[in-house]
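Novice: First, the structure itself, so that you have it in front of you.
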Amino acid sequence: MRIRYLLFVVLALIAGFAASAVAGLLVSDYIFGRADLPEANEYVGIIELGFEVQEITAMSTGGEVTVPVKGKVNIVLPQYVHCPDICHWETSILSYVLERLVEEGLQDKVVIITLGVNPYYETLEDARNYLQARAGKFMEQGITWLWIQDDLGTMKKLWAEYRFLVKPYCVKEGGEVLDLPVDLTPSDVERYLNECEFLGVNHTGGFAIIDANGVYRYFITPTDKGWVDGQRYVAEAIYNKVVQLIEEMG
1 MRIRYLLFVV
11 LALIAGFAAS
21 AVAGLLVSDY
31 IFGRADLPEA
41 NEYVGIIELG
51 FEVQEITAMS
61 TGGEVTVPVK
71 GKVNIVLPQY
81 VHCPDICHWE
91 TSILSYVLER
101 LVEEGLQDKV
111 VIITLGVNPY
121 YETLEDARNY
131 LQARAGKFME
141 QGITWLWIQD
151 DLGTMKKLWA
161 EYRFLVKPYC
171 VKEGGEVLDL
181 PVDLTPSDVE
191 RYLNECEFLG
201 VNHTGGFAII
211 DANGVYRYFI
221 TPTDKGWVDG
231 QRYVAEAIYN
241 KVVQLIEEMG
């Protein structure tokens with residue numbers, strides 16, 4: 001349990017707000033021994049892991065689903081529809097990955113899982129509309145992309161299992177930013193929606209890659225430069241690791 005907690009801390013520090021791959025290497029080396037970052041460069045860092053992920057059942061845009069989905073390579077990422085920045089960059093990165101997978105006829109070997117990080121006021125219908133607008137053509141070509149949005153308790157279990165840090169915040173009129181607790185009640189949410197110019201969620205940015213046996217194999221995160229100028233390189237890193245795990249499936 002302690003190792004998993006430390007991993008949560010490391011991933012939050014490395015990927016929480018697009019920290020650099022070099023900083024990630026130093027932090028991970030200090031906390032739980034040297035983590036292998038193959039192909040780390042100015043655009044992307046890759047942490048090599050190897051622990052089994054607990055199965056959790058939750059509601060998604062495709063109905064009730066148990067994740068990770070066994071028998072497929074899972075790409076798991078945190079997003080929310082009203083995100084002002086990196087969530088949409090993550091979608092852009094995945095668009096390149098999905099295009100390559102479709103071209104190679106590998107779409108049935110992979111499942112994309114978004115863990116919604118805004119259960120406070122977003123719904124599954126919001127998620128369906130987003131996926132249709134941003135990934136509809138890929139889903140029509142056989143890609144499975146499920147967006148999980150369930151009650152706060154279930155989402156907290158999922159965030160913890162995949163080591164995603166989630167922290168709501170409120171932007172007040174005039175620009176003041178207030179950090180809010182994760183355990184917002186419906187009445188809290190209603191109050192902050194009225195009081196805030198924007199009620200948002202800070203969260204880990206990056207991509208968890210889970211193999212067909214449910215083992216957490218890699219965490220891939222863009223560097224500061226990768227988010228803005230190197231999305232293609234990040235996508236190539238994700239694609240290469242996914243293909244590697246598909247080949248391992250035989």
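Note that the working numbering numbers the sequence shown so that position 35 is 35, with each residue one more than the last. Glycine is no exception: its CB is placed at the ideal position from the N, C-alpha and C atoms.
Using a threshold of 8 Å, state whether the C-beta atoms of residue 113 and residue 171 are closer than that.
Specialist: No.
Novice: Skipping 5 residues on each side, what residues in its chain have a beta carbon closer than 6 Å to that of residue 118?
Specialist: Counting only Cβ-Cβ distances below 6 Å, and skipping sequence neighbours, we find 80, 201.
Novice: Using a threshold of 8 Å, state whether the C-beta atoms of residue 44 and residue 234 are closer than that.
Specialist: The answer is yes: Cβ separation under 8 Å.
Novice: For residue 26, does the three-state DSSP call read helix, strand or coil?
Specialist: Per-residue confidence for residue 26 stands at a pLDDT of 32, beneath the threshold of 50, marking its modelled position as unreliable; the derived number appears in the next sentence. Residue state, collapsed to three classes: helix.
Novice: Any chance the segment 132 to 142 sits against the segment 175 to 189, with 3 or more Cβ pairs inside 8 Å?
Specialist: No: fewer than three Cβ pairs fall under 8 Å.
Novice: Looking at the structure shown, is residue 113 part of a helix, part of a strand, or coil, going by DSSP?
Specialist: DSSP places residue 113 in strand when its eight states are reduced to three.
Novice: Near residue 74, which residues of its chain fall below 6 Å by C-beta distance, leaving aside the five closest residues on each side in sequence?
Specialist: 68, 111, 113, 210, listed in sequence order.
Novice: From the DSSP output, read off the bridge partner residues of residue 210.
Specialist: DSSP output for residue 210 lists 74, 216 as bridge partner(s).
Novice: In whole angstroms, what is the alpha-carbon distance linking residue 167 and residue 159?
Specialist: So the alpha carbons of these two residues sit roughly 11 Å apart.
Novice: So what does residue 252 bridge to, in DSSP terms?
Specialist: What the structure shows of the chain is the stretch from 1 to 250, and residue 252 is not part of that stretch, so it cannot be assessed.
Novice: Measuring straight from C-alpha to C-alpha, what distance separates residue 173 and residue 144?
Specialist: If I take the Cα positions, the gap works out to 40 Å.
Novice: Of the residues 203, 161, 198, 62, which one's Cα is nearest the Cα of residue 215?
Specialist: Checking every option, the nearest Cα to that of residue 215 belongs to 161.
Novice: Taking the beta carbon of residue 249 as the centre, do at least 16 other beta carbons fall within 10 Å, making it buried, or is it exposed?
Specialist: Exposed, because fewer than 16 other Cβ atoms sit within 10 Å of the Cβ of residue 249.
Novice: Express the C-alpha separation of residue 53 and residue 221 in angstroms, rounding to a whole number.
Specialist: Answer to the nearest angstrom: the Cα atoms are 19 Å apart.
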